[in-house]
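Residue numbers (the working numbering): 7 to 533.
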């Protein structure tokens, strides 16, 4: 299949062919120290890191979007334009720069870039990339954005923002994307892979009602690594959407079988947002089959990878203690929708090798982690925007090795058990120290309250219940929306408190589609 390159095609091709005339030192002639003896070259191992990151809706600013929240022409509170886009990009750069002492990961599998809804065949992004006078993204998005930039896809803007910060990714590819008529007719997003190593070929694998899987072949020294960048159909807890994920998993499994039947030790990383938990078939035992476990073959027996009769994908979630398995928090329960799965080739002594016990969830206190609940500090489009993503990224490290193929590498405390937990980790919010809450009376005016700096803050709110279509608390600065995520708790609150009753609640300041609110997440937060 002919390699498909993104907007870095010229640079990539020059990188692959530009050194063809160089003469290796071992073949040079005319030296005074000529010798008939040949010396084997010394193998130097390369270590590198791979990040898996769902960026939560990085949309461009061409004013065409299939999601309502990301159209620019809304009201001033909840619009999405250059200023919000600027914040979103700069916040993403902040997260990336925390990795590898500011250098950033060497390879990134991104999910949830907006698929370009206004593709322009005449757009010369290579010219923009090579322009020495290109303005920095932080400056460009503060003013009137030139039309030549406004039409750029979201992943190109992301590359520019990273480049501005000194994070160099010369090889970037995006999955194929054809804009559907509406969000109900097809995927809104596309995946993109950023690399410091040459990407020599790519394929897009079309899925049913989900984003195309982006396959990339990456040259790392003398070895090749294949990555599969995934974003399956959403709705992890719904059986009807699981049938779609079964199809999504089947497409990936078929392609993996092609590669692994040709070479069982082909080096493959499967990563992305699978919209499934690593133990999906245990959480939902009554379902006929699940995509990630029953079709794809994700499993947790690390020592079984070299048994030809057993599953050939090891899920790195099994490296962490149960209480640390979580990449997103939904209704106080940790999910593991973001995943990294490895083939046996990553565990032998030849080619690309996983660095044992290097898997981690990228939780950064005072940055992308909520200080009260520990949840990801998700994106909110209020004012100029704030937050990062509703998913924590996943990180793992690898190296090149030049030993014996199919020989198992030594493992520290490998996972051997066939037993898989049938539960998820629940956050006990009743243990939150209520004394740390800010007194709501400290807000002198509504404007003081409605500031980006207040978002996520833990507050103590006293007032009178206004029990209408929208729960509210009448405070000293006027009515404040009260949101209770748990439906049962919400209904119980409405039954227990009549309009005009005094109440004290503890909660976090939130914002949803133009409305500020206090979020009451646990019955223990009600006094």
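Ideal placement from N, C-alpha and C gives every residue a C-beta, glycine not left out.
query	result
So the alpha helix (DSSP H) residue 256 belongs to, where does it begin and stop?	245–268
Closer than 8 Å is the cut-off here; do at least three beta carbon pairs connect the segment 379–387 with the segment 43–52?	no
Does the separation of the CB atoms of residue 406 and residue 226 fall below 8 Å?	yes
By Cβ distance, which residues of its chain are closer than 7 Å to residue 194, with the 5 residues on each side in sequence left out?	72, 73, 120 and 121
Pairing CB atoms from the segment 242–255 with CB atoms from the segment 134–143, are three or more of them under 8 Å?	no
Please give me, in chain order, every unbroken run of the beta strand (DSSP E) with length at least 3 that falls completely inside the segment 404–431.	none
Can you give the beta carbon distance from residue 235 to residue 277, rounded, assuming they're within the 8 Å contact cut?	7 Å
Please say whether residue 400 and residue 333 have beta carbons closer to each other than 8 Å?	yes
Give me, in chain order, the residues of the same chain whose beta-carbon lies closer than 6 Å to that of residue 479; leave out the 5 immediate sequence neighbours on both sides.	467, 469, 486 and 488
Taking 7 Å as the cut-off, is the C-beta of residue 529 nearer than that to any heavy atom in the ligand MN?	You won't find the ligand MN in this model; it holds no ligand whatsoever.
Within a Cβ cutoff of 8 Å, which residues of the same chain sit near residue 81, ignoring the five residues on either side of it in sequence?	Low confidence applies here, because residue 81 scores a pLDDT of 45, under 50, leaving its location unreliable and the question unanswered by this model.
How big is the Cα-Cα spacing for residue 170 and residue 143?	7 Å
Alpha carbon to alpha carbon, what distance is there between residue 351 and residue 203?	19 Å
If residue 173 and residue 102 are in contact, beta carbons under 8 Å, what's the gap, nearest whole angstrom?	6 Å
Please check the pair residue 100 and residue 395, which I expect to be a contact at CB under 8 Å, by giving their CB distance rounded to whole angstroms.	Incorrect: roughly 12 Å between the Cβ atoms, too far for contact.
With respect to the alpha helix (DSSP H) encompassing residue 6, which residues constitute its N-terminal and C-terminal limits?	Only positions 7 to 533 of the chain appear in the structure, and residue 6 is not among them; the question remains open.
Pull up the distance between the alpha-carbon of residue 34 and that of residue 357, whole angstroms please.	Since pLDDT at residue 34 reaches only 32, below the 50 mark, its modelled position is unreliable, and no value is offered.
State the CB to CB distance for the pair residue 60 and residue 117, rounded to an integer number of angstroms; the pair is presumed to be in contact (CB under 8 Å).	4 Å
For the structure I just gave you, are there three or more beta carbon pairs, one from the segment 449–464 and one from the segment 491–503, closer than 8 Å?	no
Starting from the C-beta of residue 452, find all residues in its chain whose C-beta is less than 8 Å away, skip the five residues before and the five after it, and write them out in chain order.	483 and 484
Counting Cβ pairs closer than 8 Å, one from the segment 292–309 and one from the segment 335–344, do we hit at least three?	no
In angstroms with no decimal places, state the Cα-to-Cα distance between residue 91 and residue 149.	12 Å
Could you give the DSSP three-state label for residue 522: helix, strand or coil?	strand
Less than 8 Å separating the beta-carbons of residue 471 and residue 509?	yes
Select from 446, 329, 360 and 365 the residue whose C-alpha is nearest the C-alpha of residue 433.	329
Just the Cα atoms here: how many angstroms apart are residue 154 and residue 108?	31 Å
Closest by CA to residue 523, which one among 533, 530 and 512?	512
Which residue's Cα is closest to the Cα of residue 481: 447, 504 and 456?	447
List the whole-angstrom C-beta distance separating residue 274 from residue 223, where the pair is believed to meet the contact cut-off of C-beta under 8 Å.	That pair is no contact at about 10 Å.
Pairing CB atoms from the segment 357–369 with CB atoms from the segment 406–419, are three or more of them under 8 Å?	yes
For residue 58 versus residue 344, is the C-beta spacing smaller than 8 Å?	yes
Could you check what DSSP says for residue 70 in three-state terms: helix, strand or coil?	coil
At which residues does the alpha helix (DSSP H) containing residue 200 begin and terminate?	Careful: residue 200 lies outside any alpha helix (DSSP H), inside the beta strand (DSSP E) at 195–201.
Out of curiosity, what's the CA-to-CA distance linking residue 410 and residue 260?	28 Å
In angstroms, rounded to a whole number, what distance separates the CA positions of residue 503 and residue 532?	11 Å
So residue 157 packs on residue 68, CB below 8 Å; how close in whole Å?	6 Å
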